[in-house]
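Which chain is which? The protein sequence lines are A and B, in order. Just so we're aligned: 557 in the UniProt record's numbering is position 557 of the first sequence, and the numbers increase by one with no gaps anywhere. Just so we're aligned: 51 in the UniProt record's numbering is position 51 of the second sequence, and the numbers increase by one with no gaps anywhere. Glycine residues also receive a C-beta, built at the ideal position from the N, C-alpha and C atoms. Here the structure is laid out as structure tokens; the discussion comes afterwards.
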Amino acid sequence: MNPWALSGVVLVAAVTFYLGKRSSRYANTTHDFLVARRTVRSRRNAAAISGEYLSAASFLGVAGVVLKEGADALWYPIGFTAGYLALMLFVAAPLRRSGAYTLPDFMEARLASEPLRKLCTVAVVAIGVLYMLPQLQGAGLALEAVMPAPAWLGAVGVTVLVTVNVMAGGMRAITVVQAFQYWLKLFALAAPTFVLCVVFFGTGGAGSAGSLGDPAPPVFREDTTVTVETGASFEVSEETPVWLPAEEGGQRVWLPGVRYEVDEGTTLRFPEGAPVPAVSGGEMDNASWLRPAEDAGALLGTYSLIFATFLGTMGLPHVLVRFYTNPDGKAARRTTVQVLVLLGLFYMFPVLIGALSRMYVPELLVTGRTDAAVLLVPSAMLPGVPGQILGAVTAAGAFAAFLSTSSGLLVSVAGVVATDVLAGKVRDFRIATVTMAALPAALAVSLPVEDLSLSVGLSFALAASTFCPLLVLGIWWRRLTWPGAMVGMCVGGGLVLLALVLNVLSEYSGGWAPWFIEQPALLTVTAAFLATIVVSLGTARRIPDDVNAVMLRLHAPDPLGFMRDRAEARFGRIEDRSRKRGKHRK
Amino acid sequence: MTDDYYRRVGGIRQPDPTLGKRVPVTPRPEPAPEPPAPQPSQPEPQPKVRRQKVVLAEPTRSSHSLRARVELEEQTSWGEMLIKDLMKAQLRSGLLLAAFVLVLLGALPIAFYLSPTFATMRFVGVPLPWLLLGVAPFPLLFGVGLWYNRLAESHERDFVNMIEN
């Protein structure tokens, strides 16, 4: 148990609660809860978007994937950032000018179809819950690492805190919280990275598990006992002595070229100097870890990953709903430019930590808990109190990541449920918040824990294959019809879910899945686009009558004043006095 | 100045004695030395009287631009053509920049795959792929974002100027 880390986590929770409570003082209308009255300045909104977007998958997952896969994993941060460029080029300003207040509302504004709106509602809730699940489970894991607590406590704690904040002020409350948490996360990763780099170069530039420049695999720096937490098959590239304490005469030697199945919960002991085995399919030695994709399958998988992240960001409902809080289309674009800076700044650090963790905590490759690299590297590199304090800082940052992402997801999902299933009053929003928080919390407690990056990768693929074609075609193509949109969504979403099922099957039966099942976006997005276009062309008489008026509203520059606020049309005007208070600066 | 002049003659207004004559430099230069003296010495004591502009009716847009707006809103063929052109310009710059980024970044995996020497090159001790993937893309993405923002805003400004004139 690390008392520093525990106090860091408690401090983050307290500040989050205080900021949420303070900024929800004036939140009393539906406009406050859904879109923060559309008065969020671009600088604050950019920090809030980045804070919301840098989830556990970015804060913990990226370093873990770098530790495991090396150079190929660098595509994750690139794709996560490039997604905002795509969003800005094709979606940001028109989306804001539509005057919609949720993603389903935008679809109805564009295509005037009630069934499509219902389908979008279902999809938003599905993606939201799917994305929230790893956040809550990750919170459980992180809390477990900090103090002796059952795994459900972290999940439930985050859920309760987030629910209280969102119920108090909705979007208005979480904007400030998320903006603060971006800077907190940046600090929580940048400061330890600087210190650890100084330590690294101070000790001669080679880690205790061997330098990354060596072609050999990393080695254990002392007698190490590890407990495998996820059953896997391992391979080694050199003869590796292993000691299995559970079996009699457990001294074994693992040979290269053979797969060794190890069940969950098995304890293995490696002597000092033994090379660290790698999970089958992972990078075996440092030379291949340093090099990007070496075979054709990995190459296509890389392209598919680029595709999923590049187009998936624009389909994530919690990201889109933040764009509705901008005052106008121009501000939406400017917000995105600043998001590109903030994300680029952040992603330098998890990559560095991932590389350091390969040298100092290679045993994570065996236990399978690579996601914990960020939390464990500081104490492995710096023994004693300094290491503990740095570990506390990263733990606090990880907790902030769980909080900010799940609060954004909760607001977006609750907003959709409150306005589409319920009547859309403030009370309805609160009811929706409680229900939509309880659902993922129950799932997180009852389902087994998966790899963070896996389910996030899946959410991106799902978002890219469902909402991305609808948004891009809806904004730029006049001939889109609602049957086309529906078919496209079903085809894209269905294919991704099929790939997910096949992927799980292949995991249980020896990992036969080729790249297009592990990372299906390249094919599913194309299929979704094609299906949408073909069906739209076939149902040309369903093109809505007001398509020209809608297109004018989406694309006419802001000063001409064609923008209509659909939230005002439905929930009534906000009184002018309070509208002026948070006026936009630029 | 002028008040004093009239008061001196008992309230009866008389034509200005300098009228129509070329007076060398008699009363006029007087104000010239005066203003510099009070301005730097006593700026504070004067109460801040703000000039207020009272506008009773503001002609926001000329009738011409109003007609353009109405044409846009009524979806006349001319208005529709205008907005289509704007969309085309915006979409074109978006697609071109996206293609630019995709070609630059998308060339990297295939280059590393085809040329093992390129993939194992080092720059100041750091493997080149790590620099090209870990650092270089972020300034590139920001630069392209900034560039697009400029393009899109200038397209919109041109459009508004065209409508208003």
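Subject >> Three-state secondary structure assigned by DSSP to residue 260 of chain A >> reply: strand
Original post:
Would you say residue 49 of chain B faces chain A, with C-beta separation under 7 Å as the test?
Top reply: no
Original post:
On the three-state DSSP scale, how would you describe residue 398 of chain A?
Top reply: helix
Subject >> Beta-carbon neighbours of residue 45 of chain A, restricted to chain B and to distances below 9 Å >> reply: Here the premise fails: no neighbours, minimum Cβ distance about 15 Å.
Subject >> Same chain, Cβ closer than 6 Å to residue 316 of chain A, five either side skipped, listed in chain order >> reply: 463
Original post:
Does the beta carbon of residue 33 of chain A come closer than 7 Å to any beta carbon on chain B?
Top reply: no
Original post:
How about residue 344 of chain A: is its C-beta nearer than 7 Å to some C-beta of chain B?
Top reply: yes
Original post:
CB-CB under 7 Å to residue 146 of chain B, same chain, minus the five flanking residues each way: which ones, in chain order?
Top reply: none
**OP:** At 4 residues or longer, and completely inside the region 70 to 143 of chain A: list those alpha helix (DSSP H) runs for me, N to C.
**Re:** Complete alpha helix (DSSP H) runs here, min 4: 75 to 90, 92 to 97 and 103 to 111.
Subject >> Buried versus exposed call for residue 52 of chain A [16 or more other C-beta atoms within 10 Å across all chains shown] >> reply: buried
Original post:
So, residue 519 of chain A versus residue 233 of chain A, is the Cβ gap smaller than 7 Å?
Top reply: no
Original post:
Looking only at C-alpha atoms, which of A:368, A:458, A:365 and A:383 sits nearest to residue 501 of chain A?
Top reply: Closest by alpha carbon: A:458.
Subject >> C-alpha gap between residue 55 of chain A and residue 92 of chain B, whole angstroms >> reply: 33 Å
Original post:
Counting contacts by CB-CB distance shorter than 7 Å, is residue 98 of chain B in contact with chain A?
Top reply: yes
Original post:
Smallest Cα separation from residue 513 of chain A: which of A:498, A:525 and A:550?
Top reply: A:498
Subject >> Separation of residue 57 of chain A from residue 154 of chain A, as counted between CA atoms >> reply: 17 Å
Original post:
Three-state secondary structure (DSSP) at residue 39 of chain B?
Top reply: With a pLDDT of only 48 at residue 39 of chain B, under the threshold of 50, the placement of this residue in the model should not be trusted; the figure read from the coordinates follows. Assigned with DSSP and collapsed to three states, residue 39 of chain B falls in helix.
**OP:** Give the straight-line distance between the Cα atoms of residue 181 of chain A and residue 237 of chain A, rounded to the nearest whole angstrom.
**Re:** 42 Å
**OP:** Using the Cα positions of residue 333 of chain A and residue 141 of chain B, report the straight-line distance between them to the nearest angstrom.
**Re:** 14 Å
**OP:** Kindly indicate if chain A contains any beta-carbon less than 7 Å away from that of residue 160 of chain B.
**Re:** yes
Original post:
In this structure, does DSSP put residue 220 of chain A in helix, strand or coil?
Top reply: Of the three classes helix, strand and coil, the one that applies to residue 220 of chain A here is coil, per DSSP.
Original post:
What first and last residue would you give for the beta strand (DSSP E) that runs through residue 253 of chain A?
Top reply: 251 to 254
**OP:** Throw me the rounded Cβ distance for the residue 395 of chain A and residue 9 of chain A pair, which I believe falls under 8 Å.
**Re:** Confirmed, Cβ separation roughly 6 Å.
**OP:** For residue 548 of chain A, go through chain B and note every residue whose CB falls closer than 7 Å to its CB, in chain order.
**Re:** 75 and 80
**OP:** Consider the Cβ of residue 154 of chain B: report whether some Cβ of chain A lies at a distance smaller than 7 Å.
**Re:** no
Original post:
Going along chain A in order, which residues have a C-beta closer than 8 Å to the C-beta of residue 69 of chain B?
Top reply: 560
Subject >> Those runs of the alpha helix (DSSP H) which lie wholly inside the region 305 to 365 of chain A and span at least 4 residues >> reply: 317 to 323 and 329 to 360
Original post:
Are at least three pairs of beta-carbons, each pair with one atom in the region 400 to 411 of chain A and one in the region 151 to 169 of chain A, less than 8 Å apart?
Top reply: yes
**OP:** Answer yes or no: does any C-beta atom of chain B fall closer than 7 Å to that of residue 41 of chain A?
**Re:** no
Subject >> Residues sharing a beta bridge with residue 123 of chain B, DSSP >> reply: Per DSSP, the beta bridge partners of residue 123 of chain B are B:126.
Original post:
Just reading off the beta strand (DSSP E) that residue 241 of chain A is part of, what are its end residues?
Top reply: 240 to 243
Subject >> For residue 569 of chain A and residue 134 of chain B, the rounded distance between their alpha carbons >> reply: Approximately 47 Å, taken between the alpha carbons.
Subject >> Cα-Cα separation, residue 154 of chain B to residue 517 of chain A >> reply: CA-CA distance, residue 154 of chain B to residue 517 of chain A, rounds to 43 Å.
**OP:** State the Cα-Cα distance for the pair residue 110 of chain B and residue 299 of chain A, rounded to the nearest angstrom.
**Re:** 7 Å
Original post:
Around the Cβ of residue 74 of chain B, are there at least 16 other Cβ atoms within 10 angstroms (buried) or fewer (exposed)?
Top reply: Residue 74 of chain B is exposed by the Cβ-count criterion.
Subject >> Candidates A:309, A:99 and A:383: closest to residue 35 of chain A by CA position >> reply: A:99
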